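K.L.:
Got a structure here, written out as structure tokens. Questions coming.
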Amino acid sequence: MKNSKTISILGESILPGQSKTIYMEIAKLHNATKLKIPIVVQRSKIEGPTILFSAGIHGDEINGVEIVRQLITKKINKPKTGTIICIPVINMFGFVNQSREFPDGRDLNRVFPGSKKGSLASRFAYHILTEIMPIIDYAVDFHAGGASRFNAPQIRLAPNNDALKDLADVFNAPFTLFSNNIAGSFRNASQKLDVKMLLFEGGKSLNIDYPVAHAGVEGAKRILSHLNMLAENHVVQSPEKKTIYIQKSAWIRAKCSGLLHDNGFIGLFVTKGTVLATITDPFGKFERKIKAPNDGFIINGNQAPIVYQGDAIYHISKTILNAKH
1 MKNSKTISIL GESILPGQSK TIYMEIAKLH NATKLKIPIV VQRSKIEGPT
51 ILFSAGIHGD EINGVEIVRQ LITKKINKPK TGTIICIPVI NMFGFVNQSR
101 EFPDGRDLNR VFPGSKKGSL ASRFAYHILT EIMPIIDYAV DFHAGGASRF
151 NAPQIRLAPN NDALKDLADV FNAPFTLFSN NIAGSFRNAS QKLDVKMLLF
201 EGGKSLNIDY PVAHAGVEGA KRILSHLNML AENHVVQSPE KKTIYIQKSA
251 WIRAKCSGLL HDNGFIGLFV TKGTVLATIT DPFGKFERKI KAPNDGFIIN
301 GNQAPIVYQG DAIYHISKTI LNAKH
């Protein structure tokens, strides 16, 4: 445990039992307006681990922001033991612009560990990694699908990491995918600091999906309960099913351009040959069916009304564990 006594973030001290919102200011908008990123810190008087719940590393992934917002407004972030830190919006620049990237065009989730004197995104990554992550034991970073692609609620974690798999079992999202850490990502940089981080994906960009948000909130509560950090006034819901582990998956791509008519199988198990969607031209000349190439779960689907040849349409599992459907 890294925070048994006083902790410090951006030069501000937080004692056991204290609650404080610290504002990170790295740069201003181009019109000289200050842009503050709230870091909400809640500490118990009782010693325990420190956990971070973060979202909005991509500014258009609103569903993750909603999950962390609910953790705060429902006072789930008030710990029985230890410290809970919530950052609902990391990329405030992108959030203001409703865009994925920073104003410099960079993806914040590809520039870690960052640089003190680098690009704007790189400077943010540097301060997050040097000011916040050294005191963190556990973390859940909430994301959503980009480019109109809707993710069924899922946890992603690096393979061959028993400690993370145990946490994923506890979180118990509908699906858990094994995926290698990406160079420059927040998750990869955190692992190098020995922070046990789960990455949650659910919903799509510029959209709030309440069932997905509910899955994220309940998973966070189960993690807190497991760590003996959840206050006794909060009830943990027992999941109906155990998470389905997906070892291998593949994208189904559009073989032609046109209007996409989705048949609503995201999150469901389908058999080989199931018609997942139809692509048509706008003039009634042709219809092309998109069929499942194998039995599997549809864990992501493209909800764009128009697609082009080669676009990723559906993400389907190929090898799964402990699945009962």
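First residue of the sequence shown: 1, per UniProt numbering; consecutive thereafter.
Quick reminder that beta carbons are idealized off the backbone N, C-alpha and C, glycines included.
For clarity, every value in this text was computed on a predicted model and none was experimentally measured.
(1) Could you check what DSSP says for P153 in three-state terms: helix, strand or coil?
(2) Quick check on the DSSP output: the beta strand (DSSP E) that includes E25 runs from which residue to which?
(3) In the DSSP assignment, find the unbroken alpha helix (DSSP H) run with E47 in it and report its ends.
(4) Under the three-state reduction of DSSP, which class applies to P38: helix, strand or coil?
(5) Who pairs with T280 in a beta bridge, going by DSSP?
(6) Count the other C-beta atoms from every protein chain shown that fall within 10 angstroms of the C-beta of E47, then say buried if there are 16 or more, exposed otherwise.
(7) Excluding five sequence neighbours on each side, which residues of the same chain lie with their C-beta closer than 7 Å to the C-beta of F171?
(8) For L230, tell me which candidate among D209, G64, P79 has the shortest Cα-Cα distance.
(9) Mind checking which residues open and close the alpha helix (DSSP H) that includes K192?
(10) From the DSSP output, in three-state form, read off Q247 for me.
(11) Should the stretch 55–66 be called in touch with the stretch 129–145, which here means at least 3 C-beta pairs below 8 Å?
(12) Please state whether DSSP places F112 in a helix, a strand or coil.
(13) Does the beta-carbon distance from L129 to L193 come in below 9 Å?
(14) Evaluate H315 with the Cβ neighbour count: other Cβ atoms within 10 Å of its Cβ, from every protein chain shown; 16 or more gives buried, anything less gives exposed.
(15) Let me know the secondary structure DSSP gives I316 once reduced to three states.
(16) Is residue 378 buried or exposed, if buried means 16 or more other CB atoms sit within 10 Å of its CB?
(17) Ignore the nearest five residues each way along the sequence and tell me which others in A55's own chain have a CB closer than 6 Å to its CB.
(18) Apart from the five residues just before and just after F150, which ones in its own chain have a Cβ nearer than 7 Å to its Cβ?
(19) Using a Cβ-Cβ cut-off of 8 Å (strictly less than) and excluding sequence neighbours within five positions of D295, which residues of its own chain qualify?
(20) Bridge partners of residue 359, per DSSP?
(21) On the DSSP letters alone, give me the boundaries of the alpha helix (DSSP H) that L71 sits inside.
(22) Which residue marks the beginning of the beta strand (DSSP E) containing L199, and which one marks its end?
(23) Measuring only the C-alpha atoms, how far is A323 from S238?
(24) So is residue 329 buried or exposed if we call it buried at 16+ other beta carbons inside 10 Å?
(25) Between the stretch 282–292 and the stretch 253–264, are three or more C-beta pairs nearer than 8 Å?
(26) Is the CB-CB distance between D169 and K242 below 9 Å?
(27) With I298 and A277 assumed to form a contact (beta carbons below 8 Å), what rounded beta-carbon distance in angstroms separates them?
(28) Below 8 Å CB to CB, which residues in the same chain sit around V236 once its five sequence neighbours on both sides are set aside?
P.N.:
Quick look at the numbers:
(1) Strand at P153.
(2) According to the DSSP assignment, E25 belongs to no beta strand (DSSP E), since it is labelled neither H nor E.
(3) Counting along the chain, no alpha helix (DSSP H) covers E47, and no H or E run does either.
(4) Per DSSP, reduced to three states, the secondary structure at P38 is strand.
(5) In the DSSP secondary-structure assignment, T280 is bridged to L259, E287.
(6) A residue is called buried once 16 or more other Cβ atoms fall within 10 Å of its Cβ, and E47, having fewer, is exposed.
(7) Apart from the 5 residues on each side of it in sequence, F171 sits with its Cβ closer than 7 Å to the Cβ of I155, L198, G219, R222, I223 in its chain, given in chain order.
(8) It is P79 whose Cα lies nearest to the Cα of L230.
(9) K192 -> alpha helix (DSSP H) spans 186–192.
(10) In the three-state reduction of the DSSP assignment, Q247 falls in the strand class.
(11) Touching, per the Cβ criterion.
(12) DSSP, read as helix, strand or coil, puts F112 in coil.
(13) Yes, the pair counts as a contact, with Cβ atoms nearer than the cut-off.
(14) Result: buried.
(15) I316 carries a strand assignment under DSSP once its states are collapsed to helix, strand and coil.
(16) Residue 378 lies beyond the residue range present for the chain, which begins at 1 and ends at 325; the question has no answer from this structure.
(17) So the list reads G64, V65, V68, P88, F142, once near-sequence residues are dropped.
(18) Taking F150 as the centre and dropping the five residues before and after it, the same chain places the C-beta of G203, K204, I266, N300, G301, Q303 closer than 7 Å to its C-beta, in chain order.
(19) Around D295: F269, V270, T271, K272.
(20) In this structure the chain extends from 1 to 325, so residue 359 is not present and cannot be described.
(21) L71 -> alpha helix (DSSP H) spans 62–73.
(22) 196–204 is the extent of the beta strand (DSSP E) around L199.
(23) Low confidence applies here, because A323 scores a pLDDT of 49, under 50, leaving its location unreliable and the question unanswered by this model.
(24) Examination of residue 329 is not possible in this model, given that the chain is present from 1 through 325 alone.
(25) For the pair of segments examined, the stretch 282–292 was found to touch the stretch 253–264: the number of CB pairs separated by less than 8 Å reaches three.
(26) For D169 and K242, yes; Cβs fall inside 9 Å.
(27) About 10 Å; that fails the 8 Å criterion.
(28) Closer than 8 Å at the Cβ level, and outside the excluded window around V236, lie E218, K221, R222, S225, L230.
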